[in-house]
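Converting from the sequence shown to this note's numbering requires adding 780 to each position, the first position being numbered 1. We put the beta carbon where it would ideally sit given N, CA and C, even for glycine.
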Amino acid sequence: MNHEPISALAKAIEKKQPAVLATVVEVEGASPVKVGAQILLLADGTTFGTVGGGRLESAILEDAREALSQGTSLLKHYSLKEKGSDAIGVLCGGELRAFIQPYKPLPKLVIVGGGHIGRPLNVMSEAAGFEVTIVDVEPGRADISALEATTLDQDTYVVLISTDHITDKSALRTALKKPIPYVGMIGSRAKCQIILEHLRSDGYGDDALSRVYAPIGLDLGGPSPQEIAVAILAEVIAVRRGSTGGLRSRQENITPE
C-alpha cells in the first residue's frame, strides 16, 4: 500500500490546508486498481498517490474537486466500460466505488475585544465548530497588531465587540484588506453609521462595506451577554451558510420525508 497520500494528508492537516482523499473501497471485475488505492488532492491541484491514472483517475479527481468545493463526502460509482450508466469510456469492463472525503480547516472566528460578551461567544463558537482567536485590546489604544498577525481568509469571521470606536475603525481597516466575508461591529446605529461614513470617505467602496454587519447580530431581542452572543453567532453562521436566518417563512420541507 502506498502511504504517500496519508503522509501528505497529515502534513496538510497540520498546516491547515484544504485537501481531499479518494479511496477505492470496492472493485468488481477487471480494474487497473485494487481496493485501498488512494489519491490525495490539495487545493492547489497537487496530487499524491494514484488510482490507476488515465480516465479513471481524471474522473475521480473531478469528483474530488467537487467534494472539496462543497465540503461534503461522496461515495461514487465508476463503470470501466465504454457505454452505460457511470461509464468513463474505457475497456477494462469492471466496476468500482471510491469514497471521497474532504478535509477542510475549521472556520475561524476572531473576537476583537473579549469582555463579558466575548466569554460566552468564545464558548458557544467553539461548540459550533469554529476555531476561536481572541484579540484583547485596551480602550483608547488601537493596538491591533495581534489582528494583523492573524491569518484572515475566506472562511474567517471577525467580530468587533471592543466598544471603543478608535479600535473599531483600526480593526475594520485591517479586516477589510483581507478577503473575509464578514466583519461584525457592536454599537448603536448612530455609532456604526458614523464609523461607516468615515470608512467611505477614506475610499472604501460598496463591495468592502457590504461585508460589514453593523450593528452586529440577528435581532433576537435578548439583552443579556449570553443572548447577545447567541445573536452574533447566529448571524455569523447564517452568513457562512448563505441563509437569511429564519425557517418560518420557508415553503420547502426542512426535514426529510
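Spatial neighbours of serine 1023 in its own chain (CB-CB distance under 7 Å, excluding positions within 5 residues in sequence) are not present. In the DSSP assignment, alanine 839 falls within the alpha helix (DSSP H) that extends over 834 to 850.
Less than 7 Å divides the Cβ of valine 831 from the Cβ of valine 804. With a cutoff of 7 Å on beta-carbon distance, leucine 821 and alanine 792 are scored as not near each other. The alpha helix (DSSP H) runs lying completely inside the segment 909 to 978 and spanning 4 residues or more are 925 to 928 and 945 to 956, given in chain order.
For lysine 856, the enclosing beta strand (DSSP E) covers residues 854 to 859. When beta bridges are read from the DSSP output, threonine 803 appears opposite Gln818 and Phe879. When only Cα atoms are considered, valine 963 and leucine 979 end up about 13 Å apart. Here lysine 791 carries a helix assignment [DSSP, helix/strand/coil]. Less than 7 Å separates the beta-carbon of glutamate 906 from that of valine 912. One Cα belongs to glycine 967, the other to methionine 904, and the distance between them is close to 21 Å. Around the beta carbon of proline 1003, fewer than 16 other beta carbons lie within 10 angstroms, which makes this residue exposed. Following the DSSP letters along the chain, one finds valine 903 inside the alpha helix (DSSP H) bounded by residues 895 to 907.
In terms of Cα proximity to glutamate 837, the closest of Glu808, Asp944, Ile819 and Pro900 is Ile819.
The three-state secondary structure of valine 892, taken from DSSP, is strand. Annotated as distal: proline 882 and valine 938, with beta-carbon spacing of 7 Å or more. In the three-state scheme derived from DSSP, where H, G and I count as helix and E and B as strand, glutamate 862 is classed as coil. Annotation: glycine 893 to leucine 848 spans about 33 Å, alpha carbon to alpha carbon. Between isoleucine 941 and isoleucine 880, the gap from beta carbon to beta carbon reaches 7 Å or more. Taken atom to atom, the span from the alpha-carbon of valine 1016 to that of glycine 997 is near 8 Å. In the three-state DSSP reduction, valine 870 falls in the coil class, being neither helix nor strand.
Taking C-beta atoms under 8 Å as the contact rule, valine 807 and glycine 873 fail to qualify, at a distance of about 12 Å.
Between aspartate 948 and isoleucine 975, the C-beta spacing is below 7 Å. Secondary structure of valine 831 (DSSP, three-state): coil. For the options Lys958, Cys972, Ala955 and Leu901, the alpha carbon positioned closest to that of valine 1010 is the one of Leu901. For valine 1016, the secondary structure class from DSSP, reduced to helix, strand or coil, is helix. Considering only Val1019, Thr827, Glu846 and Leu876, the residue with the shortest C-alpha distance to lysine 814 is Leu876.
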